[in-house]
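To start, the structure itself, in C-alpha cells.
2 protein chains.
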Amino acid sequence: MALIFHERIGLDGRRISPFSWRIRYALAHKGLDPQVIPTRFADVERIRALSGQHFTPIIEHDGQVIHDSWSIACHLEDRFPESPTLFGGPAGRGAARLVNVWSDTVLARSLRPQIYADFIWCIDPADRAYFRSSREAQLGMTLEAYSADRDQSLPAFLEASAPLERTLSEQPFLAGEAPAYVDYVIFSVFQWARIGSPRDVLAAPATTPSLRDWRTRMIALYGGLGDRFEGYPQHRTGPDGRATEQETA
Amino acid sequence: MALIFHERIGLDGRRISPFSWRIRYALAHKGLDPQVIPTRFADVERIRALSGQHFTPIIEHDGQVIHDSWSIACHLEDRFPESPTLFGGPAGRGAARLVNVWSDTVLARSLRPQIYADFIWCIDPADRAYFRSSREAQLGMTLEAYSADRDQSLPAFLEASAPLERTLSEQPFLAGEAPAYVDYVIFSVFQWARIGSPRDVLAAPATTPSLRDWRTRMIALYGGLGDRFEGYPQHRTGPDGRATEQETA
Numbered sequence: 003m004a005l006i007f008h009e010r011i012g013l014d015g016r017r018i019s020p021f022s023w024r025i026r027y028a029l030a031h032k033g034l035d036p037q038v039i040p041t042r043f044a045d046v047e048r049i050r051a052l053s054g055q056h057f058t059p060i061i062e063h064d065g066q067v068i069h070d071s072w073s074i075a076c077h078l079e080d081r082f083p084e085s086p087t088l089f090g091g092p093a094g095r096g097a098a099r100l101v102n103v104w105s106d107t108v109l110a111r112s113l114r115p116q117i118y119a120d121f122i123w124c125i126d127p128a129d130r131a132y133f134r135s136s137r138e139a140q141l142g143m144t145l146e147a148y149s150a151d152r153d154q155s156l157p158a159f160l161e162a163s164a165p166l167e168r169t170l171s172e173q174p175f176l177a178g179e180a181p182a183y184v185d186y187v188i189f190s191v192f193q194w195a196r197i198g199s200p201r202d203v204l205a206a207p208a209t210t211p212s213l214r215d216w217r218t219r220m221i222a223l224y225g226g227l228g229d230r231f232e233g234y235p236q237h238r239t240g241p242d243g244r245a246t247e248q249e250t251a
Numbered sequence: 003m004a005l006i007f008h009e010r011i012g013l014d015g016r017r018i019s020p021f022s023w024r025i026r027y028a029l030a031h032k033g034l035d036p037q038v039i040p041t042r043f044a045d046v047e048r049i050r051a052l053s054g055q056h057f058t059p060i061i062e063h064d065g066q067v068i069h070d071s072w073s074i075a076c077h078l079e080d081r082f083p084e085s086p087t088l089f090g091g092p093a094g095r096g097a098a099r100l101v102n103v104w105s106d107t108v109l110a111r112s113l114r115p116q117i118y119a120d121f122i123w124c125i126d127p128a129d130r131a132y133f134r135s136s137r138e139a140q141l142g143m144t145l146e147a148y149s150a151d152r153d154q155s156l157p158a159f160l161e162a163s164a165p166l167e168r169t170l171s172e173q174p175f176l177a178g179e180a181p182a183y184v185d186y187v188i189f190s191v192f193q194w195a196r197i198g199s200p201r202d203v204l205a206a207p208a209t210t211p212s213l214r215d216w217r218t219r220m221i222a223l224y225g226g227l228g229d230r231f232e233g234y235p236q237h238r239t240g241p242d243g244r245a246t247e248q249e250t251a
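As given, the protein sequences belong to chains A and B, one line each in that order. Take the first sequence: its letter number 72 is residue 74 in my numbering, and every next letter is one higher. Take the second sequence: its letter number 115 is residue 117 in my numbering, and every next letter is one higher.
So this is what it looks like as C-alpha cells:
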C-alpha cells in the first residue's frame with residue numbers, strides 16, 4: 003500500500019497548517035505511517051500538477067489523489083475500516099461535518115486576528131511575501147493592522163469557544179470518552195494558535211479550564227504528537243536569516 | 003414498561019417548548035409511544051414534587067424520573083438499545099453533545115428576539131403573567147422592547163445558522179443520510195420559531211435554501227409530526243379569551 007501525505011511546512015520544517023494537523027492526527031488515530039512530503043507555499047506548481055488545485059494537505063493512496071482535509075478524513079475512514087474509527091459511524095460522521103464547518107467558518111475565523119501578525123514569522127522566509135500579499139489582499143489591510151487590537155478581539159474568540167469549554171466540562175473529549183475526528187479538527191485550530199504565535203489564547207486559566215486541560219491531553223496523544231515539531235520561533239528572522247526582533251511574549 | 007412524558011403545552015394544547023419537541027422526535031425515532039401528560043407553567047408544583055426541579059420535559063420510566071432533555075435522550079438511547087440509535091455510538095453522542103450545547107447557547111439565544119414578543123400569545127392565558135415576569139426580569143426589559151428591532155437582529159440569527167446551511171447543502175440531514183438526535187435538537191429551535199411567531203425566520207428562500215428544505219423534511223417525519231399540533235394562533239387573545247389583535251403577518 004502506497005500512502006503519501008503532502009503536508010504544509012513553514013520555517014525549518016515547522017508544521018504550520020491546521021488542515022495538515024487534523025490529518026496528521028487522523029493518520030495517527032488510524033495507525034497509518036505515510037511517506038511525508040513537506041510542502042511549502044512555493045511548491046504550488048507541484049501541488050497543482052498533482053491535484054488540480056493549490057491547497058494542502060493532499061493524500062496519494064494507491065494511485066488516487068485526494069485533497070481537502072474533510073475528503074481525506076472520509077477517505078481514510080472508508081478505506082481503512084479495520085483501523086479505529088474517526089467518526090464512529092454515519093451519524094457521527096454527519097455531526098462531525100457540522101462541527102468541521104463551524105470550526106472553519108466561525109472558530110478559526112475568530113482566531114485569525116490573534117495570530118496573523120505573528121504567524122508570518124513561522125513561515126519559511128521565501129514564502130512570506132506570498133503569504134503577506136495573498137492575506138492582505140483578502141483582508142484589505144496589513145497583517146499588523148488586522149492584529150493590532152488583539153486584546154479587544156480576544157473576547158470574540160473566547161465567546162466562539164464557549165460551547166467547547168462547556169462540553170469539555172462534561173466529557174473528556176469532544177467525541178466523548180475517547181478522542182476522534184471532531185477533536186482533531188478543533189485541536190488543529192488551537193494548535194495553529196500555539197505554533198503561530200507566542201501569545202497563548204487560553205492564557206487565563208479561570209476562563210477556559212476544561213479547554214486548557216483538553217488541549218494538554220490532545221498535545222500528549224500519540225507520543226506527544228502536538229509537540230513533535232518546532233514551536234513558535236524564539237527569534238523572528240528576516241528573509242536573509244538575520245534576527246530582526248526578539249520574541250515579544 | 004411504563005413510560006410517561008411530561009410535555010410542556012401552551013394555548014389550547016399547543017406544543018411550545020423546543021426541549022419537549024426534541025424529546026417528542028427522539029421518542030418517535032425510537033418507536034416509543036409514551037403516555038403524555040400535558041404540563042403548563044402553572045403545574046410547577048407537580049413538576050417540583052416529581053423531579054425536584056421545575057423544568058420540562060420529564061420522563062418517568064419504570065419508576066425512574068429523568069429531567070433535562072439531554073439526560074432524557076441519553077436514557078432513551080441506553081435503555082432502548084434495540085431501537086434505532088439516536089447518536090450512532092459513543093463518538094456520535096460526544097459530538098451531539100457539542101451540537102446540543104451550541105444550539106442552546108448560541109443558536110437559540112440568537113433566535114429569542116425574533117419571537118419573544120409573539121411567543122406570549124401562544125402560551126396559555128393563565129401562564130402569561132408568569133412567562134412575562136420571569137423573562138422580563140431575565141432580559142431587563144419588556145418582551146416587546148426585546149423584540150422591537152427584529153429586522154436588525156435577524157442577520158445575527160442567520161449568521162449563527164450559516165454552518166447549518168453550509169452543512170445541509172452537502173448532506174440531507176445534520177446526522178448525514180438519515181436524521182438523528184442532532185437533527186432533532188436543531189429542528190426544535192426552528193420549530194420553536196414556527197410555533198412561536200407568525201414571522202418566518204427563513205423567509206428569504208435564496209439565503210438559506212438548504213435549511214428550508216431540511217426544515218420541510220423534518221416537519222414531514224413520523225407522519226408529519228411537526229404539524230401534528232396547532233401552529234401560531236390566528237388571533238391573539240387576552241386572558242379573558244377576547245381577541246385583542248389580529249395576527250400581524
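Don't be surprised by glycine CBs; every beta carbon is placed ideally from N, CA and C.
Which residue from 163/A, 121/A, 58/A puts its Cα closest to that of residue 104/B?
Translated into the one-based positions of the second sequence, residue 104/B becomes position 102. Among 163/A, 121/A, 58/A, the Cα nearest to that of residue 104/B is on 163/A.
For a test of the three-state rule: what should DSSP assign to residue 9/B, helix, strand or coil?
As a working note, residue 9/B is residue 7 in the second sequence. It is a strand residue.
Contact list for residue 168/B against chain A, beta-carbon separation under 8 Å
On the second sequence, position 166 is the one that residue 168/B refers to. Within chain A, the residues near residue 168/B are 103, 107.
Chain A beta carbons: is any one of them nearer than 9 Å to that of residue 207/B?
By 1-based counting over the second sequence, the position of residue 207/B is 205. By this cut-off, residue 207/B is not an interface position.
How big is the Cα-Cα spacing for residue 220/B and residue 228/B?
Your numbering for residue 220/B matches position 218 in the second sequence. Your numbering for residue 228/B matches position 226 in the second sequence. Answer to the nearest angstrom: the Cα atoms are 7 Å apart.
Three-way DSSP call (helix, strand, coil) for residue 56/A in this model:
Position 54 of the first sequence, counted from the start, is the residue given in the question as residue 56/A. If DSSP states are grouped into helix, strand and coil, residue 56/A belongs with coil.
Touch check for the segment 193–201 of chain A and the segment 117–127 of chain A: three-plus C-beta pairs under 8 Å?
yes
With a threshold of 9 Å between beta carbons, is residue 33/B in contact with chain A?
Locating residue 33/B in the second sequence gives position 31, counting from the first residue. No, its Cβ sits nowhere closer than 9 Å to a Cβ of chain A.
So is residue 183/A in contact with chain B if we call contact Cβ pairs under 9 Å?
Along the first sequence, read from residue 1 onward, the residue named residue 183/A stands at position 181. Yes, because at least one Cβ of chain B sits closer than 9 Å to the Cβ of residue 183/A.
Tell me the DSSP secondary structure of residue 37/B in three-state form.
Start at 1 with the first residue of the second sequence, and residue 37/B comes out as number 35. In this structure, residue 37/B counts as strand in the three-state DSSP scheme.
Note down the Cα distance separating residue 165/B from residue 100/A, rounded to an integer number of angstroms.
By one-based count along the second sequence, residue 165/B stands at place 163. By one-based count along the first sequence, residue 100/A stands at place 98. Between residue 165/B and residue 100/A, the C-alpha separation is close to 7 Å.
Around the Cβ of residue 217/B, are there at least 16 other Cβ atoms within 10 angstroms (buried) or fewer (exposed)?
As a working note, residue 217/B is residue 215 in the second sequence. Answer is buried; the Cβ neighbour count reaches 16.
Sequence-distant residues of the same chain with beta carbon closer than 8 Å to residue 15/B, five excluded per side
Against the second sequence, residue 15/B aligns to sequence position 13. Contacts found: 40, 231, 232.
In three-state DSSP terms, what is residue 193/B?
In the second sequence, the residue the question calls residue 193/B occupies position 191. It is helical.
Strictly below 8 Å CB to CB, what residues from chain B border residue 179/A?
Here residue 179/A corresponds to residue number 177 of the first sequence, with the count starting at 1. Chain B residues near residue 179/A: 92, 96.
For residue 160/A and residue 189/A, what's the separation of their Cα atoms in angstroms?
By 1-based counting over the first sequence, the position of residue 160/A is 158. By 1-based counting over the first sequence, the position of residue 189/A is 187. Each residue's Cα considered, the two are about 15 Å apart.
Is the beta carbon of residue 38/B closer than 9 Å to that of residue 6/B?
What you label residue 6/B is simply residue 4 of the second sequence in a count that begins at 1. What you label residue 38/B is simply residue 36 of the second sequence in a count that begins at 1. Contact flag set, yes.
Which residues of chain A have a Cβ atom closer than 7 Å to the Cβ of residue 164/B, listed in chain order?
By 1-based counting over the second sequence, the position of residue 164/B is 162. The contacting residues are 107.
Excluding five sequence neighbours on each side, which residues of the same chain lie with their C-beta closer than 7 Å to the C-beta of residue 55/A?
Taking the first sequence and counting its residues from 1, one reaches residue 55/A at position 53. So the list reads 69, once near-sequence residues are dropped.
In terms of residue numbering, what span does the alpha helix (DSSP H) encompassing residue 278/B cover?
In the structure displayed, chain B extends from 3 to 251; residue 278/B sits before or after that span and is not available.
With a threshold of 9 Å between beta carbons, is residue 173/B in contact with chain A?
Here the question's residue 173/B lines up with position 171 in the second sequence. It does: the Cβ of residue 173/B has a partner Cβ on chain A nearer than 9 Å.
Any 3 or more C-beta pairs closer than 8 Å across the segment 68–82 of chain A and the segment 164–179 of chain A:
no
For residue 95/B, the nearest candidate out of 234/B, 206/B, 182/B (CA to CA)
To locate residue 95/B, count along the second sequence from 1; it is residue 93. The residue with the shortest Cα to Cα distance from residue 95/B is 182/B.
Does the Cβ of residue 203/B have 16 or more other Cβ atoms within 10 Å, making it buried, or fewer, making it exposed?
If you number the second sequence from 1, residue 203/B lands on position 201. The residue is buried, with at least 16 neighbouring Cβ atoms inside 10 Å.
Helix, strand or coil at residue 82/A according to DSSP, with G and I counted as helix
As a first step, residue 82/A must be located in the first sequence, where it is residue number 80. The answer is coil: DSSP assigns residue 82/A none of H, G, I, E or B.
Got a sec: is the Cβ-Cβ distance from residue 99/A to anything in chain B below 9 Å?
Here residue 99/A corresponds to residue number 97 of the first sequence, with the count starting at 1. For residue 99/A, the answer is yes, since a Cβ of chain B falls inside 9 Å of its Cβ.
Touch test, the segment 126–134 of chain A against the segment 59–78 of chain A, Cβ-Cβ under 8 Å, three pairs minimum
no
Given residue 187/B, which residues of its chain have a CB within under 7 Å of its CB, disregarding the five upstream and five downstream residues?
The count along the second sequence starts at 1 and reaches residue 187/B at position 185. Within the same chain, residue 187/B has close Cβ partners 24, 101, 102, 105.
According to DSSP, which residues form a beta bridge with residue 175/A?
For the purposes of this step, residue 175/A is identified with residue 173 of the first sequence, where counting begins at 1. 178/A.
Could you please give me the residues that DSSP links to residue 108/B through a beta bridge?
For the purposes of this step, residue 108/B is identified with residue 106 of the second sequence, where counting begins at 1. Paired residue(s): none; residue 108/B is not in a bridge.
In terms of alpha-carbon separation, which member of 138/B, 51/B, 234/B, 61/B lies closest to residue 8/B?
Position 6 of the second sequence, counted from the first residue, corresponds to residue 8/B. Selected option, being the one with the closest Cα: 61/B.
Under the three-state reduction of DSSP, which class applies to residue 67/A: helix, strand or coil?
Residue mapping note: residue 67/A aligns to position 65 of the first sequence, counting from 1. Of the three classes helix, strand and coil, the one that applies to residue 67/A here is strand, per DSSP.
According to DSSP, is residue 122/B part of a helix, a strand, or is it coil?
For the purposes of this step, residue 122/B is identified with residue 120 of the second sequence, where counting begins at 1. Here residue 122/B sits in helix by DSSP.
What are the start and end residues of the alpha helix (DSSP H) that includes residue 159/B?
The residue you call residue 159/B lines up with position 157 of the second sequence. 152–170 is the extent of the alpha helix (DSSP H) around residue 159/B.
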